[in-house]
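Student: Residue numbers (the working numbering): 13 to 82.
Sharing a structure below in structure tokens format, with a few things to ask.
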């Protein structure tokens, strides 16, 4: 919740084979929002987590409510 409010960021669990460009395009296509940056990490349990920073003209909290994260 803190990342959503403070950093305008959404966090997703994605396929391990997905790259940053694919994640950015998927978020843009699925949710019709502009993405500023994507950062990824692979968790110790093997899942890949993607941090998606939204463009300044989009509010992550509104998007999270719209897509049902919150």
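For each residue, glycine too, the CB sits at the ideal point set by N, CA and C.
Since we're looking at a predicted model, the values are computed, not measured.
In its own chain, which residues sit with a C-beta less than 8 Å from the C-beta of residue 40, not counting the 5 before and 5 after it?
Tutor: As a working note, residue 40 is residue 28 in the chain shown. The answer, listed in chain order, is 46, 47.
Student: Could you tell me the alpha carbon to alpha carbon distance between residue 36 and residue 56, rounded to whole angstroms?
Tutor: The residue labelled residue 36 in the question sits at position 24 within the chain shown. The residue labelled residue 56 in the question sits at position 44 within the chain shown. If I take the Cα positions, the gap works out to 23 Å.
Student: Helix, strand or coil for residue 61, going by three-state DSSP, please let me know.
Tutor: Your numbering for residue 61 matches position 49 in the chain shown. Residue 61: strand per DSSP, three-state reduction.
Student: Residue 29 by DSSP, collapsed to three states: which one?
Tutor: Taking the chain shown and counting its residues from 1, one reaches residue 29 at position 17. Of the three classes helix, strand and coil, the one that applies to residue 29 here is coil, per DSSP.
Student: Quick check on DSSP: helix, strand or coil for residue 82?
Tutor: Position 70 of the chain shown, counting from 1, holds the residue named residue 82. Residue 82 falls in the coil class under three-state DSSP.
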